[in-house]
Amino acid sequence: MRWIMLVVLVLSGPGLAGDLKIAARPFAVHRDRLDASPDGFFDISVGTQYIAVLVRNDGPAKTNVTATLSVPEDITLLEPPTKAIGNLPANSYAVLLLYKASFATAAVGKPEFSVSFGYDGGTDGDAWSAFVARGSRMDDGGRLIYALKTPEGTATFEILSYLTSDPSCGFVKEWSYSVRYDTPYTGQHGPLAFNDPWWKVAGLVATCFLSGVACGVGAGKMLQGEPIKGAALAAAGLVGRSVAQSAAMVGRDVIDPIRRGQDLTVPAPGEKTVSETVFFTVEWAGTPQLGAPGTANVTWRYVRVTDGNIYSHQLTEEVTDALHTSQGYTVSVSPGTVTRGQELIVAATLTKSDGTPARGGEVYGSFLLTKDKLDHVAGVLRDDGLAGDVTANDGTYTGCVTVPLTFPTGTGQVFAVFQDVNYVAKGTAPLVAAQTIGGFVITTRAWDTAGQPVPDATVTID
Ligand SMILES: [Ca+2]
37 MRWIMLVVLV LSGPGLAGDL KIAARPFAVH RDRLDASPDG FFDISVGTQY
87 IAVLVRNDGP AKTNVTATLS VPEDITLLEP PTKAIGNLPA NSYAVLLLYK
137 ASFATAAVGK PEFSVSFGYD GGTDGDAWSA FVARGSRMDD GGRLIYALKT
187 PEGTATFEIL SYLTSDPSCG FVKEWSYSVR YDTPYTGQHG PLAFNDPWWK
237 VAGLVATCFL SGVACGVGAG KMLQGEPIKG AALAAAGLVG RSVAQSAAMV
287 GRDVIDPIRR GQDLTVPAPG EKTVSETVFF TVEWAGTPQL GAPGTANVTW
337 RYVRVTDGNI YSHQLTEEVT DALHTSQGYT VSVSPGTVTR GQELIVAATL
387 TKSDGTPARG GEVYGSFLLT KDKLDHVAGV LRDDGLAGDV TANDGTYTGC
437 VTVPLTFPTG TGQVFAVFQD VNYVAKGTAP LVAAQTIGGF VITTRAWDTA
487 GQPVPDATVT ID
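Here it is as structure tokens:
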């Protein structure tokens with residue numbers, strides 16, 4: 037009898053979805069640029085950020101749908117938890133909900149975010165864990181180091197050298213990736229961050245948080261400190277991405293480098309592994325570019341440090357990545373001249389790598405309206421019929437921003453970015469799930485001879 041009650045409780049709990057579901061693992065969106073973080077990582081050190089939740093109706097059409105988000109106590113929602121979605125067709129596209137929240141007092145781990153749905157004639161619920169880590173960066177005499185604290189230990193990513201030509205601004209040539217365990221382990225294989233094979237990407241992906249670092253004019257020059265505004269912000273975001281994506285591109289594999297190193301080195305019985313490091317050296321074929329396929333010759337050297345010995349293994353191999361790419365995108369703005377205090381509408385389309393148009397919540401889009409290095413305002417590009425998007429799921433992504441009264445007049449520049457979303461199903465085996473990374477920039481960007489990003493559209497600010 038007790039078992040039956042337990043089963044009933046489990047089936048009716050928020051962890052199991054009915055028709056209305058959270059469609060992908062909730063991900064972090066930058067509070068200022070509105071771009072999505074790599075694979076959804078929430079960085080406690082960033083403080084305030086948006087929780088992006090994609091929801092979908094997998095059943096019959098529903099009317100007057102509302103979604104109420106619940107988060108653990110150590111995360112503070114900065115806006116009402118309930119959002120109105122309206123009507124959803126049967127087997128719908130994914131709708132994007134953004135909740136501003138403070139992570140300043142959040143704990144490192146995998147907190148569960150749950151959503152309660154209401155609609156005419158029923159209720160529903162679903163929940164999904166998110167990744168919360170604490171990033172910190174330091175500039176050690178020009179060597180940029182990024183550390184990410186996870187429940188199992190600390191992953192450290194250190195950039196040793198960059199490529200030097202302007203279009204590849206931000207692409208890395210040599211770096212190291214290191215894991216130091218809070219509790220040294222015995223045996224061949226160590227614990228996995230977040231209990232997922234995330235060591236391979238945790239540190240790599242963490243570098244995307246470097247996107248708060250500006251790219252100076254000239255390759256790989258990163259400056260820290262001053263608040264970044266205007267076009268420099270667009271550049272900074274892309275440079276951070278280049279660093280992380282170039283690293284993740286060659287660092288990712290069916291089996292991650294740390295795991296491969298563990299497979300190839302066997303500590304003596306009783307020895308405890310304290311740390312593991314992989315040193316990467318990359319020879320790029322041609323000039324790597326965000327959103328475009330890339331090939332590189334990668335030399336990686338794995339070093340395992342135990343309490344009694346040091347083991348290492350090295351190999352060189354060719355790596356090709358064509359996953360995080362697209363075939364092109366369009367951006368248009370209206371009106372062509374916008375008066376401050378009024379709304380600017382940005383419409384964009386994206387052609388996926390398979391040649392078909394992206395629709396609905398398949399991708400995540402955002403844009404920046406900037407004026408030189410003076411100011412910027414950001415918006416989300418959505419194709420879910422909400423917040424100014426005229427037709428849901430038609431492949432036209434719409435973003436609306438009110439141009440601030442204080443915005444400088446003249447020619448404004450619009451930079452749009454599309455990113456992929458990790459739609460690996462909840463409950464997928466960790467070793468399989470970890471082969472997919474989301475949140476990568478899949479649109480390419482041209483750079484001018486001064487090393488500045490070329491905008492997708494311009495608008496006259498009056
Ligand atoms: Ca649309």
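Note that the sequence shown ends on residue 498 in our numbering; no numbers are left out. Just so it is clear, CB atoms sit at the ideal spot from N, CA and C, and this is done for glycine as well.
Asked                                                                                                         : Found
Exposure label - A97; buried when at least 16 CB within 10 Å                                                  : exposed
Local conformation of S128 per DSSP, three classes                                                            : coil
Close Cβ partners of S362 (< 7 Å) along its chain, the five nearest in sequence each way excluded             : G327, L386, T387, K388, S389, F454, I478, T479
The alpha helix (DSSP H) enclosing L441, as first and last residue numbers                                    : Careful: L441 lies outside any alpha helix (DSSP H) and carries neither H nor E.
Counted within 10 angstroms of its Cβ, other Cβ atoms place A304 as buried (16 or more) or exposed            : exposed
C-alpha distance - E210 paired with A482, whole-angstrom precision                                            : 24 Å
Check: T432 C-beta below 6 Å from any heavy atom of ligand 1                                                  : yes
Inter-residue Cα distance where the pair is V82 and Y182                                                      : 14 Å
Contact set for K308: own chain, Cβ-Cβ below 7 Å, skip 5 residues either direction                            : P220, Y221, T222, T342, D343
Inter-stretch contact at 8 Å, needing at least 3 Cβ pairs: the region 149-157 / the region 92-109             : yes
Same chain only: Cβ atoms within 6 Å of Y86, ignoring 5 sequence neighbours per side                          : V65, L134, K136
beta-carbon T427 near ligand 1 non-hydrogen atom, thresh 6 Å                                                  : yes
Anticipated Cβ contact below 8 Å, A59 with R92, distance rounded                                              : 4 Å
A428 in three-state terms, based on DSSP                                                                      : coil
Inter-residue spacing [alpha-carbon to alpha-carbon] between V310 and T464                                    : 29 Å
Selection from S368, R170, G76 that minimises the alpha carbon distance to E188                               : R170
beta-carbon D419 near ligand 2 non-hydrogen atom, thresh 6 Å                                                  : With respect to ligand 2, the structure shown offers nothing to examine, as its ligands consist of ligand 1.
Closest residue to G475 among S138, V302, G397 (Cα-Cα distance)                                               : G397
Exposure label - G391; buried when at least 16 CB within 10 Å                                                 : exposed
Reduced DSSP secondary structure (H/G/I, E/B, other) of Q294                                                  : At residue 294 the sequence reads Ile, which differs from the Gln that was named. I294 falls in the helix class under three-state DSSP.
CB of T168 within 7 Å of CB of A191, strictly                                                                 : The sequence shown places Val at residue 168, rather than the Thr named in the question. The answer is no: Cβ separation not under 7 Å.
Alpha-carbon spacing of R61 relative to Q488, whole angstroms                                                 : 34 Å
Selection from E312, T331, A120 that minimises the alpha carbon distance to E319                              : T331
Inter-residue spacing [alpha-carbon to alpha-carbon] between L351 and R296                                    : 11 Å
Spatial distance of K462 from S150 (CA atoms)                                                                 : 13 Å
Delimiting residues of the beta strand (DSSP E) encompassing K312                                             : The residue you asked about is not Lys; residue 312 is Glu in the sequence shown. Residues 308-320.
Minimum C-alpha distance to G435 - residue among V490, N458, V426                                             : V426
Nearest to V437 (by Cα), restricted to the options T496, P116, G122, F403                                     : F403
Nearest candidate by alpha-carbon position, reference P293, set Y459, E312, G306                              : E312
7 Å Cβ cutoff met for R395 and N345                                                                           : no
Close beta carbons around A321, own chain, < 8 Å, minus the five adjacent residues each side                  : G330, T331, A332, N333
Cα-Cα separation, S138 to F77                                                                                 : 14 Å
Under the three-state DSSP convention, the category A469 falls into                                           : helix
Anticipated Cβ contact below 8 Å, L422 with G401, distance rounded                                            : So it is not a contact: roughly 13 Å between Cβ atoms.
Own chain partners of N123 with C-beta closer than 8 Å, once the 5 adjacent residues on each side are dropped : A97, K98, T99, N100, V101
Host beta strand (DSSP E) of V399 (start-end)                                                                 : 399-407
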